Amino acid sequence: MNIQYLQTDFLVVGGGTAGTMAAIKAKQVSPESDILILEKANIRRSGAIAMGMDGVNTAVIPGNSTPEQYTREITIANDGILNQKAVYETGRLGFEVIQELESWGVKFQKDHEGNYDLKQVHRVGKYVLPMPEGKDLKKILARQVKRHKVRVTNRVMATRVMVQDGRVIGAVGLDVRSGDFVVIQAKAVVLCTGACGRLGLPASGYLYGTYENPTNAGDGYSMAYHAGAELTNIECFQINPLIKDYNGPACAYVASPFGAYTANAEGHRFISCDYWSGQMMLEVYKELNSGKGPVHLKMYHLDDDTINEIETILWANERPSRGRFHEGRGEDYRTHGVEMNISEIGLCSGHSASGVWVNERAETTVPGLYAAGDMASVPHNYMIGAFVYGRIAGENAMDYLQDLEHIEPDADFLKAEQERIYQPLNQANGVPHTQVEYKLRRLVNDYLQPPKSPTKMDIGLQKFVAYEDTLDIMGASDPHELMRCMEVHFIRDCAEMAARASLYRKESRWGLYHYRLDHPEKNNDEWFCHVNLKKSESGHMELFKRAVEPYIVDVNLENEVYDVAVR
Amino acid sequence: MPPLPVGERAATTLSDPDPLLKENPMALTNQRVDVPVIVDESKCLEKCVACIEVCPLDVLVKNPETGKAYMKYDECWFCLPCEKECPTNAITVQIPFLLR
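Just so you know, the protein sequences line up as chains A and B, in that order. Take any residue in the first sequence, note its place counting from 1, add 1, and you have its number in this note's numbering. Take any residue in the second sequence, note its place counting from 1, add 2, and you have its number in this note's numbering.
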């Protein structure tokens, strides 16, 4: 095994939406600094938008909405638990992001007068901006990374962030092709590794048949935790209404502005709003359990031209294999509803609220460690939020690291981490990562899928803790398998966090995301707060309440309850 | 080797023989699976690595004997960059059997 030593001023872990923007913005404010993106895949096609995106979901465009209105909408949708200042930034800076993307060649839909053609998908405001030609978004970002002279190291997966003298000093990782151990010294690090998309097991049983890009295994959640950073609202799971079996979006965000809607088996509406929220998911759950299921995305009442247009968008962007999935089953939007199901659980602030705690400056609680995108705790942040927080992290990190020097990594730490990573190679006939991961994720389904029961979650927690020993019997025969083994470590950490946080919050909130059968009601008197967790000095997972920051936009949560049921 | 018909290609039959199997043949088994990424070897270019470079899951490799790409690891998100970026249209991505 070889060791590669790298050094950079600012290390960006993960070259997806947030990561590419963080690197570009860091270069723009400090062209002389060295910026390195570390990517486990290849930035040309990596992360959540590997195959582009069909629209912006949180676009605050002047003349259409204001950051205040957007903050209010998300405050209500997230049942009041959020740092409003952080959400406000997404609203305030999103338009600049859109303008900059446009200057790079990204096309957004405009009406015949040249105005942005915004659509309403949220409960109140218009924040959805279609981008029917968004399929090459990632290629465009990769080109800008190159133009800005950012260094990129593809096919290296970070495994741990290094912290010494009370600040971040770099990260270590594994070259997933050569098997090299990679040590990167950096003055600041931003984690942009996406969601934990491989937490629950898809109903299909296929480990990689996930909603999220399955490269996103909760790497950043786990690395931030071991670096000592706080994580928040982990009990607010990501659960999505997805195409049954295919497990991707159907996608109501694209189709509902054309007149499509989510319907029960009788073809009737049962939700008034297709925007993804825990409250909406609870209505889907109730409908499926009421005898009126299955539920489907209904388009067969639309005219042929409209359906052609929807197909053109859905079969070219985000998850373009949707078309061949339907075709293989002989199903057509003109004659069939798209059967929907409730997904397995994941962690993703982009859609819900579970993430590494960050403030409105993208700072975690560890000096020099930033987080952005789906893994950082700004709720309902979606793609524009990832760009905005990539930018914020990049700019602030360059300010922070100005007068800092590199610190030599601790030799004992490096030795211990090497042993941890390469241990499966010593026992290549150990249990394959596929089986170890399958069982872990099946246990996540068995014990954590809502509705949540305390006794079940206790059993699950014990199993996830005991699974530390199971990780030790994994075997691998090449660097690729080692990568998967390390990902199982990330997933196990996320499972334990998910169980502990869900047990800690003794109320129900966020609809299905945290629906506890023993505490079915919201309890603002005791639980109007964040549930945060971190690794204690003694190495144990410690949970505590963190107060919600005073609001900067007035919202009366007693009067404005998020309710999307059709009665 | 002529290309196998769709659905009959086993991921594990092309991989290098595992020395461990000789040491401890009872510990592991080679399981035949239907893999999503099908490569038409008559079109695949020996010197091209376009599909291998763009795959997010890094599941494609070259068969050292033939220089043709194949799916070594059954870990596919059916996301299609391999198919889209192949200069000779040698790749077809099927929806994985369990989801199909």
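Think of the CB as a built atom: it goes at the ideal place given N, C-alpha and C, for glycine as much as any other residue. All of these numbers come straight from a predicted model, not from anything done at the bench.
I'd like to know whether the C-beta of B/P83 is nearer than 8 Å to at least one C-beta of chain A.
Here residue 83 of chain B corresponds to residue number 81 of the second sequence, with the count starting at 1. Yes - at least one Cβ of chain A is within 8 Å of the one on B/P83.
Enumerated in chain order, which unbroken segments of the alpha helix (DSSP H) with a length of 4 residues or greater are wholly contained in the stretch 13 to 100 of chain B?
21 to 25, 52 to 56, 83 to 87
Under a three-way DSSP split, which group does B/L6 fall into?
As a first step, residue 6 of chain B is located in the second sequence; it is residue number 4 there, counting from the start. For B/L6, the pLDDT reaches just 38, beneath the cut-off of 50, and the residue's location in the model is therefore unreliable, although a value from the coordinates is still provided. Coil at B/L6, not helix or strand.
Kindly say whether A/G210, judged by its beta-carbon, lies nearer than 8 Å to any beta-carbon of chain B.
In the first sequence, residue 210 of chain A corresponds to position 209, counting from 1. Cβ-Cβ to chain B under 8 Å: yes for A/G210.
Select from A/R442, A/S478, A/M475, A/A251 the residue whose C-alpha is nearest the C-alpha of A/Y461.
Mapped onto the first sequence, residue 461 of chain A falls at position 460. Checking the sequence, you will find Gly at residue 461 of chain A rather than Tyr. Selected option, being the one with the closest Cα: A/R442.
Would you say A/A377 and A/A363 are within 8 Å of each other, going by their C-beta atoms?
Numbered from its first residue, the first sequence carries residue 377 of chain A at position 376. Numbered from its first residue, the first sequence carries residue 363 of chain A at position 362. It is a contact, given that the beta carbons lie within the stated cut-off.
Cβ closer than 8 Å: which chain A residues qualify as neighbours of B/V37?
Locating residue 37 of chain B in the second sequence gives position 35, where the first residue counts as 1. Result: empty, since nearest Cβ-Cβ is about 12 Å, beyond 8 Å.
Going along the chain, which residues of its own chain have a beta-carbon closer than 6 Å to the beta-carbon of A/T154, five neighbours each way excluded?
Within the first sequence, the letter at position 153 stands for residue 154 of chain A. Excluding residues within five positions, the ones whose Cβ falls inside 6 Å are L39.
To which residues of the same chain is A/V489 closer than 6 Å at the C-beta, ignoring the five residues directly before and after it?
Here residue 489 of chain A is taken as the residue at index 488 of the first sequence, counted from 1. H434, V437, E438, listed in sequence order.
Can you find a CB in chain A that lies within less than 8 Å of the CB of B/P98?
The sequence position of residue 98 of chain B within the second sequence is 96, counting from 1. Yes, B/P98 lies at the interface with chain A (some Cβ there is under 8 Å from its Cβ).
Report all residues from its chain with a CB closer than 6 Å to the CB of A/V157; omit the five preceding and five following residues, and keep chain order.
Working through the first sequence from its first residue, we reach residue 157 of chain A at position 156. Within the same chain, A/V157 has close Cβ partners L39, G174, D176, V183.
Distance, Cα to Cα, A/T313 vs A/M54?
The residue given as residue 313 of chain A occupies position 312 in the first sequence. The residue given as residue 54 of chain A occupies position 53 in the first sequence. Between A/T313 and A/M54, the C-alpha separation is close to 13 Å.
On the DSSP bridge list, what partners appear for A/C197?
Your numbering for residue 197 of chain A matches position 196 in the first sequence. For A/C197, which the question treats as bridged, DSSP gives the partners A/A218, A/L348.
Are the stretch 357 to 375 of chain A and the stretch 161 to 173 of chain A touching by the rule of at least three beta carbon pairs closer than 8 Å?
By the Cβ criterion, the stretch 357 to 375 of chain A is in contact with the stretch 161 to 173 of chain A, since at least three pairs of Cβ atoms, one from each stretch, lie closer than 8 Å.
Using a C-beta cutoff of 8 Å, does A/D246 count as contacting chain B?
Mapped onto the first sequence, residue 246 of chain A falls at position 245. Chain B, which has a Cβ nearer than 8 Å to the Cβ of A/D246, makes this yes.
Other residues of its chain near A/Q403: CB distance less than 6 Å, five sequence neighbours each side excluded
Numbered from its first residue, the first sequence carries residue 403 of chain A at position 402. Around A/Q403: no qualifying Cβ.
Would you check if the distance between the CB atom of A/Y276 and the CB atom of A/H123 is smaller than 8 Å?
As a first step, residue 276 of chain A is located in the first sequence; it is residue number 275 there, counting from the start. As a first step, residue 123 of chain A is located in the first sequence; it is residue number 122 there, counting from the start. In this structure, A/H123 lies closer than 8 Å to A/Y276 by Cβ.
Exposed or buried, which one is A/Y6 when buried takes at least 16 other CB atoms within 10 Å?
Locating residue 6 of chain A in the first sequence gives position 5, where the first residue counts as 1. Looking at its Cβ environment, which holds fewer than 16 other Cβ atoms inside 10 Å, A/Y6 is exposed.
Coarse secondary structure for A/H381, derived from DSSP in three states:
If you number the first sequence from 1, residue 381 of chain A lands on position 380. Look at A/H381 here: in three-state DSSP terms it is coil, with no helix or strand label.
Grouping DSSP H, G and I as helix and E and B as strand, with all else coil, what is A/H531?
For the purposes of this step, residue 531 of chain A is taken as the residue at position 530 of the first sequence. Reduced to three states, the DSSP call for A/H531 is strand.
Strictly by DSSP, which residues pair up with A/D176?
As a working mapping, residue 176 of chain A is identified with position 175 in the first sequence. Paired residue(s): A/V157.
8 Å Cβ cutoff, B/P58 in contact with chain A:
Here residue 58 of chain B refers to the residue found at position 56 when the second sequence is read from its first residue. Chain A, which has a Cβ nearer than 8 Å to the Cβ of B/P58, makes this yes.
Note the first and the last residue of the continuous beta strand (DSSP E) segment covering A/K127.
Residue mapping note: residue 127 of chain A aligns to position 126 of the first sequence, counting from 1. Membership of A/K127 in the beta strand (DSSP E) is indicated by the continuous run 127 to 131.
Which residues in the same chain have their Cβ closer than 6 Å to the Cβ of A/I4, if we skip the five residues on either side of it in sequence?
Here residue 4 of chain A is taken as the residue at index 3 of the first sequence, counted from 1. So the list reads F182, once near-sequence residues are dropped.
Strictly below 9 Å CB to CB, what residues from chain B border A/G329?
By 1-based counting over the first sequence, the position of residue 329 of chain A is 328. Chain B residues near A/G329: Q96, I97, R102.
Take the Cβ of A/P258 as the centre, count every other Cβ of all protein chains shown within 10 Å, and call the residue buried at 16 or more, exposed below.
Within the first sequence, the letter at position 257 stands for residue 258 of chain A. It counts as buried.
According to a CB-to-CB cut-off of less than 9 Å, which residues of the stretch 192 to 208 of chain A neighbour chain B?
So the list reads P203, S205, G206, Y207, L208, given in the order they occur along the chain.
Can you tell me whether A/Q450 is helix, strand or coil according to DSSP?
On the first sequence, residue 450 of chain A is found 449 positions in, with the first residue counted as 1. Three-state DSSP puts A/Q450 in coil, outside helix and strand.
Beta bridge counterpart(s) of A/P242 as assigned by DSSP:
As a position in the first sequence, residue 242 of chain A is number 241, starting the count at 1. DSSP output for A/P242 lists A/I343 as bridge partner(s).
Quick one: Cα of A/R178 to Cα of A/Q186, how far?
Taking the first sequence and counting its residues from 1, the one referred to as residue 178 of chain A is at position 177. Taking the first sequence and counting its residues from 1, the one referred to as residue 186 of chain A is at position 185. The straight-line gap from Cα to Cα measures roughly 21 Å.
8 Å contact criterion, which B/A52 and B/C88 should meet: CB distance rounded
Residue 52 of chain B sits at position 50 when you count from the first residue of the second sequence. Residue 88 of chain B sits at position 86 when you count from the first residue of the second sequence. With 8 Å as the limit, B/A52 and B/C88 qualify as a contact, their Cβ atoms being about 6 Å apart.
Chain B partners of A/A318, CB-CB under 9 Å?
Within the first sequence, the letter at position 317 stands for residue 318 of chain A. The displayed chain sequence assigns Asn, not Ala, to residue 318 of chain A. Ordered by position in chain B, no residue passes the 9 Å Cβ test against A/N318, which lies about 11 Å from the chain.
Span of the alpha helix (DSSP H), counted from its first residue to its last, around A/I308:
Here residue 308 of chain A corresponds to residue number 307 of the first sequence, with the count starting at 1. Taken as a continuous stretch (DSSP letters only), the alpha helix (DSSP H) holding A/I308 covers 305 to 315.
Within this structure, are the beta carbons of A/I393 and A/L200 separated by less than 8 Å?
Counting from 1 along the first sequence, the entry for residue 393 of chain A is found at position 392. Counting from 1 along the first sequence, the entry for residue 200 of chain A is found at position 199. Contact: no.
Under 7 Å by beta carbon: chain B residues contacting A/T216:
For the purposes of this step, residue 216 of chain A is taken as the residue at position 215 of the first sequence. Residues of chain B with a Cβ closer than 7 Å to the Cβ of A/T216 are, in chain order, P58, L59.
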